Amino acid sequence: MDRETRLFAESHFRGLRGRLPGGVCPTLDCVDFIENPDSFSYADFFKGYLLPNVPCVFSSAFTETWGSRRHWVTPSGKPNFDYLLRNYGDVLVPVANCGVREYNSNPKEYMPLREYINYWKEYIRGDNSSPRGCLYLKDWHLCRSPFHADIFRSFSWSVNICGRKKWFFFPPGQEEALRDGHGGLPYDVTSPGILNSCPCPLPLEVTQEAGEMVFVPSGWHHQVHNLEDTISINHNWVNGCNLTNMWQFLQQELCAVQQEVGQWRDTMPDWHHHCQVIMRSCSGINFGEFYHFLKVIAERRLLILAKGRGPEVEGGEDSGPGPQQAAFDVSRIAEVLASVVAHPDFQKVDTCVFSPRPEELLQQLEEGVVATASL
Ligand SMILES: O=C(O)CCC(=O)C(=O)O
Ligand SMILES: [Fe+2]
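Using our numbering, you'd call the opening residue of the sequence shown number 23 and step up by one each time.
If you want it as structure tokens, here you go:
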């Protein structure tokens, strides 16, 4: 990250004054397509898409050199079953049954990839149908994925190694208009009667071709349909741009747990502790672990700043974050940690075992922010 990008990013967050980044989403009627890797930098992506939290699609030129695009695909653009069987046939893979609904997801079982590929071939021979129904190899994504926003309000990217997908995107907050009487979200937004009875604008639609990469912003609900036999690779991440969204999400998750078990609040010893335990099992993380996550990143970034106090050495593409990136992250983590430390439920977490103590880390971060003002 260069200095100008960091100053731009910091003034963006100052402008939000603690409000959620996703909450000021502009109305979009199309998704940008980024054609040429040579004329598009990380700073362009950061300023144009990560900060404003809007989706975009990268052309297949960005993934042209990927080994998976050469090896996993036949010359005619279909999945290369022989290669996949030879290399990964014995790997156990999680497979969801799309025909059965379990809450807002599908039940999953494990099977060797070999067995899954046998099923897939049989499905193709049966003209996209099989007596075993529609099975979905999760993480290699076959068929369609129900309506959702990504874990912890992370960003994600998704590349089609082969095949095509159709995406439906809803900006943060717009899913509220789709909730039913119990507050539940639809399982499939394309099922009849969902969108035409909703007062919200129509979703943004993207057709993703082979090799293209879709950027999924934080907190955007989406649904994905495979238009043909498809293999895709996805990756999720959190950084300084969506960290507040993650913290906001965790607070909402805890509130939901507290509401569910509210009737035992006065009679159950350790009620707050149990809420954290339930939250961890439902959401995958609790407040204490969130502190640990912040701490690990904060300490790495503070180390970069401490080392970088000599002559300016901006990190190259592959050498990890440079001092400007570290300074931005430190300022973002400081803002979020200040809010965590002030949260009444975090104050009930036993933080004696944490090293450093949250207040100490916050102080180090705040000193880091002051020291980097002139960077
Ligand atoms: O491509 C798919 O089937 C779903 C991708 C996705 O949205 C996810 O993994 O979160
Ligand atoms: Fe997703």
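The beta carbon of each residue, even a glycine, is placed where N, CA and C say it ideally should be. In this text, all values refer to a predicted model and were calculated from it rather than measured experimentally.
Give me the DSSP bridge partner(s) of residue i.
i      : result
GLU131 : VAL117
VAL229 : This sequence places Thr at residue 229; Val is not what is there. Paired residues: LYS188.
ASP54  : CYS78
PRO101 : VAL95
GLN245 : PHE190
PHE177 : TRP259
TYR313 : Answer is none; TYR313 lacks a bridge partner.
VAL238 : SER178
ILE253 : CYS184
HIS170 : HIS244
Specify the secondary structure class of residue i as computed by DSSP and reduced to three states.
i      : result
GLU381 : helix
LEU164 : In this prediction, LEU164 has a pLDDT of 40, which is less than 50 and means its spatial position is unreliable; nothing more can be read from the coordinates.
MET290 : coil
TYR141 : helix
MET268 : helix
SER152 : coil
SER63  : coil
ASN308 : coil
PHE376 : coil
VAL318 : helix
GLU124 : strand
TYR209 : coil
LEU159 : strand
SER361 : helix
PRO223 : coil
THR27  : helix
ASN218 : coil
HIS204 : coil
PRO345 : helix
VAL371 : coil
ASP112 : coil
ARG36  : helix
GLY89  : helix
VAL392 : helix
VAL283 : coil
GLY330 : coil
GLY70  : helix
LEU107 : helix
LEU324 : helix
LEU276 : helix
LEU387 : helix
Determine the contact status of residue i and residue j, defining contact as a CB-CB distance below 9 Å.
i      : j      : result
PHE174 : ASN256 : no
SER81  : PHE103 : no
VAL117 : LYS130 : yes
GLY111 : ARG136 : yes
HIS247 : LYS188 : yes
THR87  : VAL181 : no
HIS244 : LEU207 : no
GLY70  : GLY121 : no
PHE350 : ALA31  : yes
ASP251 : PRO101 : yes
ASP292 : SER240 : no
VAL76  : LEU38  : no
THR266 : VAL358 : yes
LEU159 : TYR145 : no
THR96  : ALA65  : no
HIS365 : GLN273 : yes
LEU276 : PHE315 : no
GLY436 : ALA83  : Outside the modelled stretch of the chain, which goes from 23 to 397, sits residue 436, for which no answer is possible.
GLU311 : ILE300 : no
ASN119 : ASN128 : yes
Pull up the CB-CB distance for residue i and residue j, whole angstroms please, since I reckon it's below 8 Å.
i      : j      : result
PHE191 : LEU226 : 4 Å
PHE177 : ASN264 : 6 Å
TRP179 : MET235 : 5 Å
LEU387 : ALA320 : 6 Å
ALA199 : CYS184 : Going by Cβ atoms, the distance from ALA199 to CYS184 rounds to 36 Å, so no, they are not a contact pair.
CYS297 : GLN280 : 5 Å
VAL362 : PRO380 : 7 Å
VAL79  : VAL115 : Contact doesn't hold; Cβ gap of about 27 Å is too wide.
LEU397 : GLN346 : 7 Å
LEU325 : VAL352 : Actually they do not touch by this definition, with Cβ atoms about 11 Å apart.
LEU384 : ALA360 : 6 Å
PHE376 : TYR313 : 6 Å
GLY390 : MET23  : Actually they do not touch by this definition, with Cβ atoms about 16 Å apart.
Does the beta carbon of residue i come closer than 9 Å to any beta carbon on chain C?
i      : result
ARG108 : Absent here is chain C; the protein component of the structure consists of one chain.
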